[in-house]
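This report concerns only the one structure given below.
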Amino acid sequence: MLRVDQTVTTPPPFLTQEISLPVKGNTPVNSEYRLLVLDAPRELLDLCRPGQFFNLLCPQAGGEAPYLRRPMSIYGFYPEKGELHFLYKVTGAGTRALATLGTGDELNVVGPLGEPFSIEDDWQHLVLVARGVGLATLAPLAIEANRLGRKLTAICSARHPDYLMSTEHFAALGADVITVTDDDGSSSPQNLETILERLIAEGRADAFYTCGSNRLLRLLQKVGKAHGVPGQIALEQQMACGLGMCQCCVRPLKRDGAIVYLRVCREGPVFDMSEVVA
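Per the numbering used here, the very first residue in the sequence shown carries number 1; after that it's consecutive.
Okay, here's the thing in structure tokens:
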């Protein structure tokens with residue numbers, strides 16, 4: 001049986017809540033993704049940090065009866081508006097049930113959970129790279145980077161231009177937005193590597209950030225190692241409790257020359273990119 005490495009310092013207790021929140025909106029973004037907006041109290045939103053997630057109790061509706069909660073990255077938290085946003089892809093029983101929620105319905109959530117992204121003082125130029133729903137996790141990070149006066153480049157990837165998301169969000173924050181797609185081949189690792197190499201040569205890449213994709217992780221690890229560019233990744237992993245007790249979300253990481261197994265929900269989901277075994 002896998003066990004969490006006992007030499008790893010356990011993060012401090014969560015500042016989290018279980019709460020039922022009214023739905024303010026649940027609208028399609030395109031043919032695959034939806035934006036869920038919840039009405040949330042300021043005391044909950046003030047706890048949220050970029051890279052964290054909530055565990056959602058999906059409703060039993062539309063013929064679906066999801067058993068476990070679904071972990072979902074925070075797409076946006078806005079204390080001034082009292083709103084908590086999630087961007088999700090409708091793929092299975094849980095997200096199909098979420099898609100049935102209408103204005104005024106309530107959704108039970110637990111969060112915020114997990115370790116967030118961090119921005120070091122000397123990271124002045126940040127490069128955000130993701131595709132699909134992985135872009136949702138990086139959206140709050142872009143807001144925080146803008147608040148701190150950091151410069152941003154957002155490389156947004158998708159299968160087709162119709163599925164490119166968050167580009168307007170990043171552009172509104174002053175980011176240099178680069179879009180790549182599978183359709184025209186511009187999302188290939190070779191082209192992305194060329195883009196990253198150019199940003200490094202121009203002095204516009206002090207740190208890389210990404211979410212989810214193993215293909216992007218391997219590329220960023222390769223380029224980062226070659227040029228000494230650090231980075232962070234928010235891992236995606238199937239979860240049950242989301243609190244670290246069931247230990248079903250462990251992933252192998254490299255620390256001090258050894259492989260250790262850490263919980264994505266508790267020690268993560270954000271990890272040093274160089275530690276993750278892709």
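No residue lacks a Cβ here, since even glycine has one placed at the ideal position from N, Cα and C. All of these numbers come straight from a predicted model, not from anything done at the bench.
Report yes or no: do the stretch 120-129 and the stretch 145-153 share at least 3 C-beta pairs separated by less than 8 Å?
-> yes
So the beta strand (DSSP E) K151 belongs to, where does it begin and stop?
-> Taking the sequence shown and counting its residues from 1, one reaches residue 151 at position 151. 151-158 is the extent of the beta strand (DSSP E) around K151.
DSSP three-state assignment for F86, whether helix, strand or coil = For this step, residue 86 is matched to residue 86 along the sequence shown. Reduced to three states, the DSSP call for F86 is strand.
L38 beta carbon less than 7 Å from that of L21 | By one-based count along the sequence shown, residue 21 stands at place 21. By one-based count along the sequence shown, residue 38 stands at place 38. Going by C-beta atoms, L21 is nearer than 7 Å to L38.
Taking the C-alpha atoms as reference points, what is the distance between C211 and P112?
-> Position 211 of the sequence shown holds residue 211. Position 112 of the sequence shown holds residue 112. Rounded to whole angstroms, C211 to P112 spans 18 Å at the Cα level.
Pair within 7 Å by beta-carbon distance, R34 and N55 = Looking up residue 34 in the sequence shown gives position 34. Looking up residue 55 in the sequence shown gives position 55. Not closer than 7 Å, so no.
For N146 and R251, the rounded distance between their alpha carbons = Looking up residue 251 in the sequence shown gives position 251. Looking up residue 146 in the sequence shown gives position 146. So the alpha carbons of these two residues sit roughly 31 Å apart.
If you draw a straight line from the C-alpha of E32 to the C-alpha of L253, how long is it?
-> By one-based count along the sequence shown, residue 32 stands at place 32. By one-based count along the sequence shown, residue 253 stands at place 253. Cα to Cα, E32 sits roughly 32 Å from L253.
Nonlocal neighbours in the same chain, by C-beta distance under 6 Å from V110, ignoring five residues either side | Here the question's residue 110 lines up with position 110 in the sequence shown. If we look at V110 and ignore the five residues flanking it on each side, its Cβ neighbours are E18, N55.
Own chain residues within Cβ distance below 6 Å of G94, not counting five before or after = Within the sequence shown, the letter at position 94 stands for residue 94. Once the five neighbours on either side are set aside, the close Cβ partners of G94 are C58, P66, R70.
May I have the straight-line CA-CA distance separating T27 from P41, to the nearest angstrom?
-> As a working mapping, residue 27 is identified with position 27 in the sequence shown. As a working mapping, residue 41 is identified with position 41 in the sequence shown. So the two alpha carbons sit approximately 21 Å from each other.
Name the residue from D46, G228, K24, T137 whose alpha carbon lies nearest to the alpha carbon of L107.
-> Counting from 1 along the sequence shown, the entry for residue 107 is found at position 107. Here the closest residue by C-alpha is K24.
Can you grab the Cα-Cα spacing for the pair A205 / V177, in whole Å?
-> The residue given as residue 205 occupies position 205 in the sequence shown. The residue given as residue 177 occupies position 177 in the sequence shown. Computed Cα separation, rounded: 14 Å.
The stretch 232-245 in contact with the stretch 268-277 per 3-pair CB rule at 8 Å = yes
For E115, does the three-state DSSP call read helix, strand or coil?
-> To locate residue 115, count along the sequence shown from 1; it is residue 115. In this structure, E115 counts as strand in the three-state DSSP scheme.
Check M273 in the structure and name its three-state DSSP category.
-> The residue labelled residue 273 in the question sits at position 273 within the sequence shown. Note: M273 maps to helix in three-state DSSP.
Which residues bound the beta strand (DSSP E) around K24?
-> For this step, residue 24 is matched to residue 24 along the sequence shown. Element bounds for K24: 17-28.
Using alpha carbons as the reference points, say which of A136, E80, S187 lies closest to H169.
-> Along the sequence shown, one-based indexing puts residue 169 at 169. Measuring from the Cα of H169, the nearest candidate turns out to be A136.
First and last residue of the uninterrupted beta strand (DSSP E) at L36 = Walking along the sequence shown from the start, residue 36 turns up at place 36. Here the beta strand (DSSP E) through L36 covers 33-39.
Is the beta carbon of P161 sitting closer than 7 Å to the one on I74?
-> Residue numbering aside, residue 161 sits at position 161 when the sequence shown is read from its first letter. Residue numbering aside, residue 74 sits at position 74 when the sequence shown is read from its first letter. Not in contact: P161 and I74 (Cβ atoms no closer than 7 Å).
Since I believe Q52 is in contact with A97 (beta carbons under 8 Å), could you give me their beta-carbon distance rounded to a whole number of angstroms?
-> Taking the sequence shown and counting its residues from 1, the one referred to as residue 97 is at position 97. Taking the sequence shown and counting its residues from 1, the one referred to as residue 52 is at position 52. So it is not a contact: roughly 23 Å between Cβ atoms.
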